[in-house]
Structures are given as structure tokens and as C-alpha cells.
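Asker: So the protein lines, in turn, are chains A and B. Count along the first sequence from 1, then add 3; that gives the number in this note's numbering. Count along the second sequence from 1, then add 16; that gives the number in this note's numbering. Think of the CB as a built atom: it goes at the ideal place given N, C-alpha and C, for glycine as much as any other residue. Just so it is clear, the structure is predicted and the values come from calculations on it, not from any experiment. Let me begin by handing over the structure; questions about it come next.
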Amino acid sequence: MTAQAAANTDIEPQMQTMRGADIVVHALEAQGVKTVFGYPGGAIMPVYDALAGSSLKHVLCRHEQGAAFAAAGWSRMRGKAGVCIATSGPGATNLVTGIADAFMDSVPLVAITGQVDQAVMGTDAFQEIDTFGITMPVVKHSYIVRHTEDLPKVIAEAFRIAEEGRPGPVLIDIPKDVQNKEADVELFAPLDHTRAEADEEALAHAADVIMSAQKPLFYLGGGIVRAGAVDEVRALIEATGIPTVATLQAQGVLPTDHPQFMGMLGMHGSRSANLAVQEADLLIVMGARFDDRATGKIATFAPNARIVHFDRDVSEIGKLRDANVGVCGELDDCAKGLMSVKPAIQPWFDQCMASKAETPNRYDAPGEGVYAPRFLKELSEKAGDKFVGVADVGQHQMWIAQHCRFSRPQAHLTSGGLGTMGFSLPTGIGAKMAEPDATVVSISGDGGFMMNIQELATINRYKVPLKVVVIDNSRLGMVRQWQELFFDENYSEVDLSDNPDFAQVARAFGLEAFTIRRADEVSEGIDRLLNTEGPVFAHVVIDPAQNVWPLVPPGASNAEMMDED
Amino acid sequence: MTIETLSIETDNVNGTLRRIWTIIEQRGWYVRSLLVEEVESGARTWVQVSPEDGRRQIHTLRHQLEKLVNVRSVELLERSRVQPSVFEEIPYAEAI
């Protein structure tokens, strides 16, 4: 299983004498890495010295957090571990948010950090920090490499761990003396990944439970995407004819316009999706974790439903809601194992579709200003199947999930678990570099955009043909909305009306830029955005009073949705 | 007070004990006592834990520990005879 360098790489499996820093670079090459994202500094200088003459393309971001998000954006598109590199101390701490974001959304990532010499570790040396300890709660695994000769094995293992099973970030902290020392080493080819075999008896039991249900409902989560099981799950859903709801992370597992798809469930989910969950007598949960944003008050979530829960990670089964049947296994295998299940549920299906038809999204907002949901819908529809919307966090994030059209899950990149403002711009850079043919649109609010605005310089440096949209309500809109609804309109520190002229800022970074202020400018603006070949920026001004609807109040049941009326 | 006892066999790798302790406290449990001994090519840790509140399930914690890379096995040795209180557990400091 852990064979050393084999015939599938160009690396000769013979002992070689190399400096640690060169081993790092060659070991990355041996794992098939072509692109890394990073920022140099003192304790990682030997690695940067080795990078300069290597085959690796290094993308210099303008902040380590940007590098982590860009690497994860690359990974979210490719399904393989992205790589980010930073120095010790502040370089490492700046990576932490990106690593944590990858951890919460189960994104494979390998983060390499420099560390001070082992001789001074523990002495409060310059730019020394306990990176291993700081990142421990937010990594799948981590290493401090103490011996140069361990580097090939550690790096190969890191990729296997990051990608295998439930993916996640792996940190490799490398003291500077380990980077500088020479050692005789053999490089490792990519290691095999183990697969969890689903228990056949449990699968049969699950099939029986599904067959006996009168009102079954698929509840899809991002685990399907991470498992690479989208095709199999789509086939299963279509074979069974069962209505389907999906979490934020699973948007696109079924195309938005699929006839069995009822929309997103949860806090800002569709009314018909939430009502279907509340009435279902069986939830078939695939790769979802009963996140509080999806369930609302867990005690009242799907009160009539038995649970059949499929997940690669056994610790998710029964974590928040007991499962009547829990199946731990690879989701593609689980889906294939259920293909013969076809319950008789026509009345329930008709009821769900009638409910969906009764509660369509509305786009008839009054006034001359831009209505964000209509703008986003039109943007995604005009971009078509190549559309990749990279959301930031806040109101616009929910509007994207609710109103954009997604042909596949990679069409919707969003920080679901950690909810990190500043996510979109660097993630969009990584996504566009991973899939140059896609129409990648980074969409931020004015608050989040300012949190990683420096990455406009990265776009300009590499001429990344990313489309950047800032939806500007001059507010921290989601916080403002909650203050309006739940804090007696006590608007505290949400006014951002002193924002700079974003289009001017973008131009200063070398992007073509323009502003859309009126509804009648939207179509032309979207055409300009989509038809511009290079990096382009659209500043979209909206009314600060626009809210996201529907909304399940915090702590309430999903049955208690608030709406605009 | 609810106390559950786990026996955790791990590789003998630096950082593993810290990782176990991190998971226990991160996932809403307190470490009440801990004993480590060397076993053949590895280490065995006996750890007694109690939950922050009545919503924590020891089987979920067991699985979360089993996922750790250098953990070979986790055994639940003794189930507490006391069900977790819905309202409060004895605070950490008092237990010490």
C-alpha cells in the first residue's frame, strides 16, 4: 500500500543525496504537484531557494491567508490536495484561517510552514510560534519534521491523509536546519488510498427502510462532492424518483433545475424544501452532518422522520441525530448498492412538486435600483454550464445559493462551515487557475471584499482572467439584517458607507472596472463582465435595506420561517 | 458525576497525546485523569472523561478519537452508571 517511488512518476526510485529544501520540492513534484501558492519569509527561505529552479509554478499571493484560500480553491475544483507555503511565526498564523476553513469544509490541503532551527525552538526565537499546537484543532493531521531523511515519507503521507476518506488539511512544519541539512533519500510516489467498504447487511437494511417509506426525502451534503460520488448519487436519485433537498455545500449535486430538486434546506432554505423535511417520514442522509444552519432547532427537525444516514466518516453518524440505520462507507458504493430501490411514492412526489410550484422565487422588486437576487440569477444563467460562482460570506452568499443556477457542485464554492469573510477573492484565483476554461466569478460583499482586497495584486501579477463582482450595500448586510430583526433595529457598527470607490481601486490594481447602479444597467453590465477576456471588476450597488428571505430565526424550528410579507 | 473510561492504543509518535487531549476538550469533554504506559512499539493511554453537558455521546467521541492518524484503537472500558445531567456537570475546577 505504501510502495516507494514506482513506475508512474518520472522520479527515479534510487537513493539520492539532497538538501532538505530540495527534497521538499522534489517530493512535491513526485506527488504530481504542479502549482503551489505561498509567501516567502525567513524560516522558509531554503525551500524558496529550491523552488526557483524547479518545475513547480509558485503563485505569490499578497497575504498568507490568500495563499491558503487560493490553494483550497484549487483543491475544491480539482478534488486533489492544494498546496500552500508560508514562513514561521506570522506567516504560519496567517495561514490558520484558511486551514480552519478547509477543515470545516473537509477540503484536502497540504500546508507547509517553515520553523526556526530546532536548536532555538522553545526559546521564543524571532518569528517562532508553536504552529503545530496552534493548528492542532483545525487539521486532520500534522507533523514537525525532525530529521531531513523523513521528508519524503512525511510529504507522501500528508497527501494521502489529506485526500483519503473524509478529506482535510495536513500541516507540515519544517525547521530551517532540517531544510538546510543534506540526507540520502528515496522519493515516494503517491500512496494508495484506502476505501471503506459499506456493510452489505446495513445496506440491505437501508434498502428495506426506504422501500417501506411513504414520504422519503434525500438530504444531500457536501460529503458527496468530497467523495467524488456525484454521478452515482445523481443516478440513485433518478432511479428512485425520490424528492431531494440539499445543504449549502451540496448545491449542484443535482442541477438547480432538476425536476426532483426542491432546493436548499435550512436557515435560508426554500420554503418547500423545509416543509418537505418537516413532513417526511424518512430522511435519506448522504454526506451531510446535521449542521445547525441546515436543521434549525435540532429537537424539532424532521420530527416524523426515520433516519438512514450514509457517511464515509463514522463519527458523523448519530452525532447530532440518532440514525435508525447508519451506513459507513464510500458514498459511490452506497449509491450503487441501492440502485434497485424504487418505492411507490407518487402522491408524496406530487405533493412536494405542488408545494415547490406554489412558492417560486420572486424577482419583481420595485424601484430603479439593482435587485441582487435578480442580478445573480441572470449572471449565472447567462454564464451557463461553465459558471463557477465563488461566494464570500453574508447576505450575497445566501442570495447566490438561493438564486444562481448550478450545473455541478464545483459551480458553487462557498465557505459553509467556518463562514469566512474574505474567502471569495483568493479562492476564486485558485479556482480559475485550476480550471482555466470555467467562467469563474468571485462574488463578495463590500465587507468581505476588503478583507482580502490585496489579492487584486495577485490577479494583476498573473493576469488571472477572473471576473470579480462586489455587491455593495455599504453595510455588513447580514449583521444589519439580524440587528433589524432580532436586536430592535439597534444598528451597531455595520455602516460601511465610507467605503472607497471600489471601481477606482480595482483600476489602480490594473483591472478593467465599472459600476452598475440601476436595474436597467444590469443586463449590459453582465454582458460586459462575461465578454471581457482579461481580469474584470464589476461594482454593483444595491439598496442597504434588501434582506435575505426566507429566514428561520436562530433557535427556531425550520417550520417557523419568516418571510418578507 | 458522569465518568467514562477509554483505553487508547497509539503509535509512539510525539504529539499524539496532545492531539488526543485536544480532541477530548474540543469536542465538549473534560479530561479527569490520564495514565500512559509503553506497550510494544506504541503507547496505551487510559483516560477518564466527563461531558460538559448531557448532549455529548461517548460513542461519538470514541469515533472522533479513532479517526486520529496515530491512534490504533479506542476501547470503551467502563460505562458510567450515571447518566449525564441535562443541566450541568460538576465544573472542572471542583473535580480537580
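Would you give the residue range spanned by the alpha helix (DSSP H) that residue 76 of chain A belongs to?
Answerer: 67-81 is the extent of the alpha helix (DSSP H) around residue 76 of chain A.
Asker: Give me the Cβ distance between residue 392 of chain A and residue 446 of chain A, rounded to the nearest whole Å; I'm assuming they're in contact under 8 Å.
Answerer: Yes, they are in contact, since the Cβ atoms of residue 392 of chain A and residue 446 of chain A sit about 6 Å apart, within 8 Å.
Asker: Nearest to residue 494 of chain A by CA position, among A/505, A/481, A/501, A/502, is which residue?
Answerer: When each option's Cα is compared against that of residue 494 of chain A, the closest is A/481.
Asker: Taking the alpha carbon of residue 556 of chain A as the point to measure from, which residue in A/302, A/265, A/269 has its own alpha carbon closest?
Answerer: For residue 556 of chain A, the nearest C-alpha among the options comes from A/269.
Asker: For residue 355 of chain A, name the three-state secondary structure that DSSP assigns.
Answerer: Residue 355 of chain A: helix per DSSP, three-state reduction.
Asker: Whose C-alpha, out of A/127, A/202, A/149, is nearest the C-alpha of residue 186 of chain A?
Answerer: Nearest of A/127, A/202, A/149 to residue 186 of chain A, Cα basis: A/149.
Asker: With a threshold of 8 Å between beta carbons, is residue 85 of chain B in contact with chain A?
Answerer: Closer than 8 Å: yes.
Asker: Would residue 256 of chain A and residue 222 of chain A qualify as a contact pair, given that the criterion is a beta-carbon distance under 8 Å?
Answerer: Going by C-beta atoms, residue 256 of chain A is not nearer than 8 Å to residue 222 of chain A.
Asker: For the beta strand (DSSP E) that contains residue 23 of chain B, what are its first and last residues?
Answerer: That run of the beta strand (DSSP E) goes 20-27.
Asker: So who's on the other strand from residue 447 of chain A, going by DSSP bridges?
Answerer: BP columns for residue 447 of chain A point to A/473.
Asker: Report the residues of the region 300-322 of chain A with a CB closer than 9 Å to any CB of chain B, ordered along the chain.
Answerer: Result list: 316, 317, 318, 319, 320, 321, 322.
Asker: Following the continuous beta strand (DSSP E) through residue 3 of chain A, name the residue where it begins and the one where it ends.
Answerer: For residue 3 of chain A there is no data in the structure shown, the boundaries of chain A being 4 and 568.
Asker: Enumerate in chain order the residues of its own chain whose CB-to-CB distance from residue 502 of chain A is below 8 Å, with the five nearest sequence positions on each side excluded.
Answerer: Only 449, 453, 475, 477 meet the Cβ criterion.
Asker: So what's residue 102 of chain B in DSSP terms, helix, strand or just coil?
Answerer: Model confidence at residue 102 of chain B stands at a pLDDT of 45, short of 50, so the residue's coordinates are unreliable; what they give is reported in the following sentence. Residue 102 of chain B: coil per DSSP, three-state reduction.
Asker: Could you tell me whether any Cβ in chain A is nearer than 8 Å to the Cβ of residue 32 of chain B?
Answerer: Residue 32 of chain B does not count as touching chain A.
Asker: Quick one: what does DSSP say residue 145 of chain A is sitting in, helix, strand or coil?
Answerer: Correct three-state label for residue 145 of chain A: strand.
Asker: Indicate whether residue 124 of chain A and residue 34 of chain B have their beta-carbon atoms separated by less than 8 Å.
Answerer: No.
Asker: Considering just the uninterrupted stretch of the alpha helix (DSSP H) at residue 285 of chain A, what are its terminal residues?
Answerer: Per DSSP, residue 285 of chain A belongs to no alpha helix (DSSP H); it is in the beta strand (DSSP E), 285-289.
Asker: Taking only runs of the beta strand (DSSP E) that begin and end inside the region 293-375 of chain A, which ones reach a length of at least 3 residues, in chain order?
Answerer: 309-314, 328-331, all fully within the region 293-375 of chain A.
Asker: Going by other Cβ atoms of all chains shown within 10 Å of its Cβ, with 16 needed for buried, is residue 218 of chain A buried or exposed?
Answerer: Burial call: buried.
Asker: In terms of alpha-carbon separation, which member of A/567, A/460, A/272, A/19 lies closest to residue 368 of chain A?
Answerer: For the residues A/567, A/460, A/272, A/19, the minimum Cα distance to residue 368 of chain A belongs to A/567.
Asker: Does any residue of chain A have a CB that is nearer than 8 Å to the CB of residue 48 of chain B?
Answerer: With 8 Å as the cut-off, residue 48 of chain B does not count as an interface residue toward chain A.
Asker: Using DSSP with H/G/I as helix, E/B as strand and the rest coil, what is residue 247 of chain A?
Answerer: Three-state result, residue 247 of chain A: strand.
Asker: Does the beta carbon of residue 193 of chain A sit closer than 8 Å to a beta carbon anywhere in chain B?
Answerer: No, its Cβ sits nowhere closer than 8 Å to a Cβ of chain B.
Asker: Find the nearest neighbour of residue 341 of chain A within the set A/434, A/548, A/245, A/409, judged by alpha-carbon distance.
Answerer: Among A/434, A/548, A/245, A/409, the Cα nearest to that of residue 341 of chain A belongs to A/245.
Asker: Are any of the Cβ atoms in chain A nearer than 8 Å to that of residue 95 of chain B?
Answerer: No, residue 95 of chain B does not count as interfacial toward chain A.
Asker: Tell me whether the region 530-546 of chain A and the region 381-388 of chain A touch, counting them as touching only if at least three CB pairs, one residue from each stretch, are closer than 8 Å.
Answerer: With a cut-off of 8 Å, the region 381-388 of chain A and the region 530-546 of chain A count as touching, because enough Cβ pairs lie within range.
Asker: Would you identify the three-state DSSP class for residue 21 of chain A, choosing helix, strand or coil?
Answerer: Three-state DSSP puts residue 21 of chain A in a strand.
Asker: Is DSSP giving residue 160 of chain A helix, strand or coil here?
Answerer: Helix, per DSSP.
Asker: Indicate the three-state DSSP secondary structure (helix, strand or coil) for residue 58 of chain B in the structure shown.
Answerer: Looking at residue 58 of chain B - three-state DSSP - the assignment turns out to be strand.
Asker: When you compare the CB of residue 35 of chain B with every CB in chain A, is at least one pair closer than 8 Å?
Answerer: Yes, because at least one Cβ of chain A sits closer than 8 Å to the Cβ of residue 35 of chain B.
Asker: Counting Cβ pairs, one atom from each stretch, are 3 or more of them under 8 Å apart for the region 274-284 of chain A and the region 315-322 of chain A?
Answerer: No, the region 274-284 of chain A does not touch the region 315-322 of chain A.
Asker: Nearest to residue 250 of chain A by CA position, among A/242, A/100, A/299, A/29, is which residue?
Answerer: Looking at the Cα atoms, A/299 is the closest of the given residues.
Asker: Give me the chain B residues within the contact set of residue 135 of chain A, using Cβ-Cβ distance strictly less than 9 Å, ordered along the chain.
Answerer: The answer, in chain order, is 31, 34.
Asker: In chain A, what lies closer than 9 Å to residue 38 of chain B by C-beta?
Answerer: The contacting residues are 136, 139, 140.
Asker: Measuring CA to CA, which of B/36, B/73, B/71 is closest to residue 60 of chain B?
Answerer: Minimum Cα distance to residue 60 of chain B is reached at B/36.
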